[in-house]
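A.B. asks: The sequence shown lines up with residues 352 to 902 when you count with my numbering. All C-beta atoms, glycine included, are put in the ideal place defined by N, C-alpha and C. Structure provided below as structure tokens; questions to follow.
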Amino acid sequence: MKKVLAIGIAVCVILGILWVTLFNKKSDLTEELQTRLEGQSSEVSLKIGETSLKASEELRLFYAEREYAEAWSSNGKLTKLGEELKFEIGESKYDGLNPEDYHASEIELLFQAISDQKGKLKAKPFADLADLDLMLTDAFFQLARHLEIGKIDPSKLKSAWDLGVNTPSINYNELLNESIRKGSIKDGLESLYPEFKIYKKGREVIRDLDEKRKIDTLVWKTVNLEKSLKIGDSHASVPGLRDRLIFWGYLKPYELKDNLVFDPQMEEGLKKYQLNNGMEPDGAIGNLTAESLNNSPARLLDIAAVNMERLRWLSDTLRDSELILVNVANYQLDYLNKLDTVLTAKVIVGKEYNASPVFSAPMTYIAFSPYWNIPASITKDEIVPAVRKNPKYLAQKNMEVVTSSGEPVNPKPGDWSAETFPYLIRQKPGGSNSLGLVKFMFPNEHSIYIHDTPARSLFQLENRALSHGCIRIQDPAKFAALLLQDDPSWTSEKINEAMNQEKEQIVQLKKHIPVVIFYLTFWADSNGAPHFRSDIYNRDQEVLLALKGTE
Numbered sequence: 352m353k354k355v356l357a358i359g360i361a362v363c364v365i366l367g368i369l370w371v372t373l374f375n376k377k378s379d380l381t382e383e384l385q386t387r388l389e390g391q392s393s394e395v396s397l398k399i400g401e402t403s404l405k406a407s408e409e410l411r412l413f414y415a416e417r418e419y420a421e422a423w424s425s426n427g428k429l430t431k432l433g434e435e436l437k438f439e440i441g442e443s444k445y446d447g448l449n450p451e452d453y454h455a456s457e458i459e460l461l462f463q464a465i466s467d468q469k470g471k472l473k474a475k476p477f478a479d480l481a482d483l484d485l486m487l488t489d490a491f492f493q494l495a496r497h498l499e500i501g502k503i504d505p506s507k508l509k510s511a512w513d514l515g516v517n518t519p520s521i522n523y524n525e526l527l528n529e530s531i532r533k534g535s536i537k538d539g540l541e542s543l544y545p546e547f548k549i550y551k552k553g554r555e556v557i558r559d560l561d562e563k564r565k566i567d568t569l570v571w572k573t574v575n576l577e578k579s580l581k582i583g584d585s586h587a588s589v590p591g592l593r594d595r596l597i598f599w600g601y602l603k604p605y606e607l608k609d610n611l612v613f614d615p616q617m618e619e620g621l622k623k624y625q626l627n628n629g630m631e632p633d634g635a636i637g638n639l640t641a642e643s644l645n646n647s648p649a650r651l652l653d654i655a656a657v658n659m660e661r662l663r664w665l666s667d668t669l670r671d672s673e674l675i676l677v678n679v680a681n682y683q684l685d686y687l688n689k690l691d692t693v694l695t696a697k698v699i700v701g702k703e704y705n706a707s708p709v710f711s712a713p714m715t716y717i718a719f720s721p722y723w724n725i726p727a728s729i730t731k732d733e734i735v736p737a738v739r740k741n742p743k744y745l746a747q748k749n750m751e752v753v754t755s756s757g758e759p760v761n762p763k764p765g766d767w768s769a770e771t772f773p774y775l776i777r778q779k780p781g782g783s784n785s786l787g788l789v790k791f792m793f794p795n796e797h798s799i800y801i802h803d804t805p806a807r808s809l810f811q812l813e814n815r816a817l818s819h820g821c822i823r824i825q826d827p828a829k830f831a832a833l834l835l836q837d838d839p840s841w842t843s844e845k846i847n848e849a850m851n852q853e854k855e856q857i858v859q860l861k862k863h864i865p866v867v868i869f870y871l872t873f874w875a876d877s878n879g880a881p882h883f884r885s886d887i888y889n890r891d892q893e894v895l896l897a898l899k900g901t902e
């Protein structure tokens, strides 16, 4: 009896050991992943063949926390999540990103190699699966980072960009684990999009442009015009321009009397095109309209990609409930409240050689009936030479010379011929003041502010890059009323009175609202309609080259 009992105990022990061994034994793929990840120094980037993995540190942490268990396959077969991530990598082109930055070709080849086996394992059955697992995980981390903060570090660009450093706020390791748990890669990646509708709308525009590109058979030869083309004009460029209007859907093919003549049907289509692309619908093809019509679908895809990247840089800034956004390239100011536009106004921005910078600062006060404290550069380059030619210049322009403390002073004749003018010049309040009747201050190192202007007719121009860098606004009284809406004492009558005084009046704002001076040459509106604008400062190309480059 004892002998039988002993045998039974021995059998139970053996079965227990077998059970523990079988269920605690790591799979061959898990051991393969562990060997690879632990076999290389943590200071060295992981590589698969000649391909370097960019998120080596995140990879090591991710797999170590899951005891090196594979993420994208099960029992030697690929999971649906792996298929979904491969699809989302391809879809990244609609974010203006390059799927090849996320190993798209290598992943596709590995999928093919594994799929071709049809369940029959090769001599090294887990090598391809391990390669694929690591590449997919690396791709997720890279794509997640680029979607949240952009691929490019804007601080490294030559063109001015001063909106702070946009650092990751999401733990991508936790995001991936949560996505795997929920069974949805798409939802996890979409949670990283900038928090405003125009980003997703922009993706749809890019999708449509990509389809347009596939059917594009036109020759997009650049059209340069010596003078504007108007209805009735005959020109060799007319047929090509007409074809482009037909291609974009602003004209339907129609019977022509003379292919070279700019006819009424073409003018009608052109006006619709101009209206939808932010131009004056005058029915004439000038330089701005010709420049726009020169853009092929492929070129527009590049422009859209550049600006989707800019939107990713901006995502942290737009989380404020109230925001004043000035899009320099669109010559427009928008006052946003909870991402809804409550005021839109035309603006005038800096000339190309006095480009308005990109930056953000809180608006803190309004100066009614302001002095214009003329910058030293303008004093040196414009005012002093004008006074030398015309001693009455200052009086004619309602200007005065003051000390650094603001006290009026009469300069000596020799001061005007000195190498450096020893005083400051300011223009007194009044209707002729270059700042107009009010200025809106958000103190910053660029000395940029928003102000009125006596030159109202300039707002009717299409190209409004005309200032020394500051932003001139078309309807300053309405803007002031909006900023002071929390104080009922500031009626429209009181604002008008304050704007027409002989002395400057400073009004501190109760709420300090962020002002963002931005540069966007493409966006999609809430209805999904695309908007492209001229790259007035030639900033797009630098961003495009960086986007197309490898990190």
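What does the alpha-carbon distance come out to for the pair L607 and T695?
C.D. replies: One C-alpha to the other measures close to 41 Å.
A.B. asks: Considering only the alpha carbon of each residue, which of Q616, Q836, S768 lies closest to K861?
C.D. replies: Among Q616, Q836, S768, the Cα nearest to that of K861 belongs to Q836.
A.B. asks: Start and end of the beta strand (DSSP E) containing P713?
C.D. replies: Segment 710-719, the beta strand (DSSP E) holding P713.
A.B. asks: Which partner residues does D685 have in the DSSP bridge list?
C.D. replies: Note: D685 sits in a beta bridge opposite L676, T695.
A.B. asks: Here's a check: name, in chain order, each residue in its chain whose Cβ is nearer than 6 Å to the Cβ of Y605, leaving out the five neighbours to either side.
C.D. replies: Hits under 6 Å: Q616.
A.B. asks: Which residues in the same chain have their Cβ closer than 8 Å to the Cβ of D484, if we skip the five residues on either side of it in sequence?
C.D. replies: Hits under 8 Å: L380, L384, E421, A422, W423, S424.
A.B. asks: Within the continuous alpha helix (DSSP H) that includes W664, where are the two ends?
C.D. replies: Run containing W664: 648-665, per the alpha helix (DSSP H) assignment.
A.B. asks: Would you mind stating whether I557 and A655 have Cβ atoms separated by less than 8 Å?
C.D. replies: Result yes, Cβ atoms of I557 and A655 sit closer than 8 Å.
A.B. asks: Does the distance from the C-beta atom of F710 to that of N658 stay below 8 Å?
C.D. replies: Contact flag unset, no.
A.B. asks: Is it right to say V700 is buried, meaning 16 or more other beta carbons lie within 10 angstroms of its own, or is it exposed?
C.D. replies: Looking at its Cβ environment, which holds 16 or more other Cβ atoms inside 10 Å, V700 is buried.
A.B. asks: In chain order, what are the residue ranges of uninterrupted alpha helix (DSSP H) at least 4 long that sit wholly in the stretch 825-872?
C.D. replies: List check, alpha helix (DSSP H) in window: 827-834, 843-849.
A.B. asks: Among S396, T568, P881, whose alpha-carbon lies nearest the alpha-carbon of L871?
C.D. replies: Closest option to L871, Cα to Cα, is P881.
A.B. asks: Would you kindly check if the distance between the Cβ of I864 and the Cβ of L690 is under 8 Å?
C.D. replies: No.
A.B. asks: Could you give the DSSP three-state label for N724: helix, strand or coil?
C.D. replies: DSSP places N724 in strand when its eight states are reduced to three.
A.B. asks: Considering L540, what are the terminal residues of the alpha helix (DSSP H) in which it resides?
C.D. replies: Its alpha helix (DSSP H) spans residues 536-541.
A.B. asks: Would you call S783 buried or exposed, if buried means 16 or more other Cβ atoms sit within 10 Å of its Cβ?
C.D. replies: S783 should be labelled exposed.
A.B. asks: Report the residue from S840, V867, A816 whose alpha carbon sits nearest the alpha carbon of V858.
C.D. replies: The residue with the shortest Cα to Cα distance from V858 is S840.
A.B. asks: What residue ranges within the stretch 613-653 form continuous beta strand (DSSP E) runs of no fewer than 3 residues, ordered along the chain?
C.D. replies: As far as the stretch 613-653 is concerned, it has no whole beta strand (DSSP E) run of at least 3 residues.
A.B. asks: Can you tell me which of the three DSSP states E409 falls into?
C.D. replies: In this structure, E409 counts as helix in the three-state DSSP scheme.
A.B. asks: May I have the straight-line CA-CA distance separating K581 from I868, to the nearest angstrom?
C.D. replies: Going from the Cα of K581 to the Cα of I868 covers about 36 Å.
A.B. asks: Looking at the secondary structure, which residues open and close the beta strand (DSSP E) in which K816 lies?
C.D. replies: It is worth fixing the name first, because residue 816 is Ala in this sequence and not Lys. Its beta strand (DSSP E) spans residues 816-818.
A.B. asks: For F413, which of E577, T692, L526, I846 has the nearest alpha-carbon?
C.D. replies: The option with the nearest alpha carbon to F413 is L526.
A.B. asks: On the premise that S579 lies in contact with G637, defined as a C-beta separation below 8 Å, what is that separation, rounded to the nearest angstrom?
C.D. replies: About 4 Å separates the two Cβ atoms, so the contact holds.
A.B. asks: Note down the Cα distance separating S588 from N610, rounded to an integer number of angstroms.
C.D. replies: Going by the C-alpha atoms only, they are around 10 Å apart.
A.B. asks: CB-CB under 8 Å to N749, same chain, minus the five flanking residues each way: which ones, in chain order?
C.D. replies: Only Q778, K779, G781, S783, N784 meet the Cβ criterion.
A.B. asks: Starting from the Cα of Q683, find the closest Cα among S843, A816, R661 and give me that residue.
C.D. replies: The residue with the shortest Cα to Cα distance from Q683 is A816.
A.B. asks: Mind checking Q747: buried by the 16 CB within 10 Å criterion, or exposed?
C.D. replies: Q747 is exposed by the Cβ-count criterion.
A.B. asks: For the stretch 415-440, which segments carrying the alpha helix (DSSP H) assignment without a break, of at least 4 residues, lie completely within its bounds, in sequence order?
C.D. replies: You should have found no qualifying run.
A.B. asks: Within the same chain, show all residues whose beta-carbon is closer than 7 Å to that of L592, passing over the 5 residues directly before and after it, in chain order.
C.D. replies: Excluding residues within five positions, the ones whose Cβ falls inside 7 Å are V574, I636, L644.
A.B. asks: Can you tell me where the alpha helix (DSSP H) holding H497 begins and where it ends?
C.D. replies: Element bounds for H497: 478-500.
A.B. asks: Find the nearest neighbour of D489 within the set I399, M630, L812, A727, judged by alpha-carbon distance.
C.D. replies: When only C-alpha atoms are compared, the closest one is I399.
A.B. asks: Sorted by chain position, which residues of the same chain lie with C-beta nearer than 8 Å to A478's C-beta, five sequence neighbours on each side aside?
C.D. replies: Cβ within range, chain order: E383.
A.B. asks: Quick one: give me the first and last residue of the beta strand (DSSP E) that I503 is part of.
C.D. replies: No beta strand (DSSP E) contains I503, which DSSP labels as neither H nor E.
A.B. asks: What's the call for Y686, buried or exposed, on a 16-neighbour Cβ count within 10 Å?
C.D. replies: Under this definition Y686 is a buried residue.
A.B. asks: Along the chain, where does the alpha helix (DSSP H) that runs through Q778 open and close?
C.D. replies: No alpha helix (DSSP H) holds Q778; the beta strand (DSSP E) holding it covers 775-778.
A.B. asks: Determine the burial state of R554: buried for a count of at least 16 other Cβ atoms within 10 Å of its Cβ, exposed for fewer.
C.D. replies: R554 comes out buried.
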